[in-house]
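Going by UniProt numbering, the letters in the sequence shown line up with residues 1 to 323, in that order. Below is one structure; the comments refer to it alone.
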Amino acid sequence: MGTHDTLSSVRHVIALDVGGTGMKAALAGAGGELLHQARRPTGRERGPDAVVAGILDFAAELRARGEKLFGESAVAAGVAVPGIVDEKHGVAAYAANLGWRDVPLRRLLAERLGGVPVALGHDVRTGGLAEGRVGAGQGADRFLFVPLGTGIAGAIGIDGRVEAGAHGFAGEIGHVVVRPGGSACPCGQHGCLERYASAAAVSEAWAAACGDPKADAADCAKAVASGDPNAVRIWQGAVDALADGLVTALTLLDPRTLIIGGGLAEAGEVLFAPLRDAVRARVTFQKLPSLVPAALGDTAGCLGAGLLAWDLLDHTDRTEVTP
């Protein structure tokens, strides 16, 4: 994309979404729109220091790209990272899949980017922020975002913000015990929700049941659709566990919207039809929230990182008015 006069001097922020294997980045405009996107491998096999260096280099390249495209530097940056994140102090405290501990990422990025304000966010909470503001939860004052992937995480949205909690653990619904005395979880408990209803748990159960080690949750969903009794049993087990966890959450949080994302949600109505029934069957006095699929896919983290960056700046400081 060349430089166009029409794009000269466009206020924008840098948005970075750091995953275990890949990094997604964007330059985001004042309405949250992604004006330029880029990707590259995280390179975790080179060790935590190299990963951090790669993030800083990528951010610096994005800054230079913004100057070239839009005639000015980014006014802020937002970055979403996995693991345990101290958002208040801007520290990436721990991520098993990246091997880092206590990385002062906000300070390092601010230094590298010439002192612009930098926001650091947890990947799932940041994706949840985007789903709540510009995705499936748009307009909901209270929502719960639950991505069903390798594990199960969650983001609690209240009035356009996502709750981090006192220690950064708010929303960790995957470690609510739904089957007391059940399967051991790496977290140290037994019977955690993510041992039964994550995409990884369904993949594992289906691979064992059908004897194909390569079979995954998507294959299980296809078999459910064709009426395979083994697949139906495994799928219903996951749906029941998920409904138990979600009803616990909605009893505590009373959200208006439940947004389900991640790999398992890609099964569409094969998941949502029985899940709505299972949640409905369990509620007594609780009000049923609307239960909807996530809308933003793998751009949620990037969009959310952009929103975090704009939030750092005074809202009156934007040149465009967000609708």
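Virtual Cβ for every residue (Gly too), placed ideally from N, Cα, C. Only a predicted model underlies this, so the values are computations on that prediction, with no experimental measurement involved.
- Query: Distance, Cα to Cα, D254 vs L313?
  - Reply: 31 Å
- Item | Under 8 Å between C-beta atoms of S226 and D216 | no
- Task: May I ask you to report which of helix, strand or coil DSSP gives R40?
- Result: strand
- Item | Residue(s) in a DSSP beta bridge with W100 | A95
- Message: Assuming the contact rule is C-beta atoms closer than 8 Å, L105 and G90 should be a hit. Round their C-beta distance to whole Å, please.
- Response: 6 Å
- Between L16 and V79, which are expected to be in contact by the criterion C-beta below 8 Å, what is the C-beta distance as a whole number of angstroms? With a Cβ gap of about 4 Å, L16 and V79 count as contacting.
- Item | For A119, the first and last residue of its enclosing beta strand (DSSP E) | 118 to 122
- Query: Applying the criterion that 16 or more other CB atoms from any shown protein chain within 10 Å of the CB defines a buried residue, is residue 408 buried or exposed?
  - Reply: The structure shown does not extend to residue 408, since the chain spans only 1 to 323, so no value can be given for it.
- Span of the beta strand (DSSP E) around P18: Note that residue 18 is Val in the sequence shown, not Pro. 13 to 18 is the span of the beta strand (DSSP E), which, as asked, contains V18.
- Message: If the criterion is Cβ atoms closer than 8 Å, does the pair V52 and L108 meet it?
- Response: yes
- Item | Three-state secondary structure assigned by DSSP to R63 | DSSP places R63 in the helix class (H, G or I) of the three-state scheme.
- Task: Please classify L308: does DSSP put it in a helix, a strand, or coil?
- Result: Under the three-state reduction of DSSP output, L308 falls in the helix class.
- Query: Alpha carbon to alpha carbon, how far is I14 from H122?
  - Reply: The straight-line gap from Cα to Cα measures roughly 16 Å.
- Query: If we ignore side chains and look at the alpha-carbon of each, how far apart do R65 and I55 end up?
  - Reply: 15 Å
- Locate the alpha helix (DSSP H) running through R256, then write down its first and last residues. That residue, R256, is in no alpha helix (DSSP H); it is neither H nor E in DSSP.
- Message: Quick check on S198: does DSSP put it in helix, strand or coil?
- Response: coil
- Message: Going by C-alpha to C-alpha distance, which of A199, C185, G20, E33 sits closest to V10?
- Response: By alpha-carbon distance to V10, the top candidate from A199, C185, G20, E33 is E33.
- How would you call K88, buried or exposed, if buried means at least 16 neighbouring beta carbons within 10 angstroms? exposed
- Query: Is E131 near A300, with beta carbons less than 8 Å apart?
  - Reply: yes
- Query: Counting pairs of Cβ atoms below 8 Å between the stretch 222 to 236 and the stretch 246 to 263, do you hit three or more?
  - Reply: In short, these stretches do not touch, since the Cβ pair count stays below three.
- Task: Tell whether a beta-carbon distance below 8 Å holds between G245 and A199.
- Result: no
- Message: Taking its Cβ as the centre, do 16 or more other Cβ atoms sit within 10 Å of L288, making it buried, or is it exposed?
- Response: exposed
- Query: Would D240 be called buried (16 or more neighbouring beta carbons within 10 Å of its own) or exposed?
  - Reply: D240 comes out buried.
- Which residues in the same chain as T316 place their Cβ atom closer than 7 Å to its Cβ, once the five residues preceding and following it in sequence are excluded? The pLDDT assigned to T316 is 45, lower than 50, so where the model puts this residue is not dependable; a value taken from the coordinates is nonetheless given after this. The answer is none, since no qualifying residue turns up.
- Query: By DSSP, does P213 sit in helix, in strand, or in coil?
  - Reply: coil
- Can you grab the Cα-Cα spacing for the pair G47 / E194, in whole Å? Near 28 Å, if we compare the C-alpha coordinates of E194 and G47.
- Query: Between A74 and G83, is the Cβ-Cβ spacing less than 8 Å?
  - Reply: no
- Query: If we count the other Cβ atoms within 10 Å of its Cβ and call it buried at 16 or more, is K214 buried or exposed?
  - Reply: exposed
- Nearest neighbour of V283, chosen from A249, A273, P293 [CA to CA]: A249
- Query: Considering only the beta carbon of each residue, do A136 and A294 sit closer than 8 Å?
  - Reply: One thing to note: A136 has its Cβ within 8 Å of the Cβ of A294.
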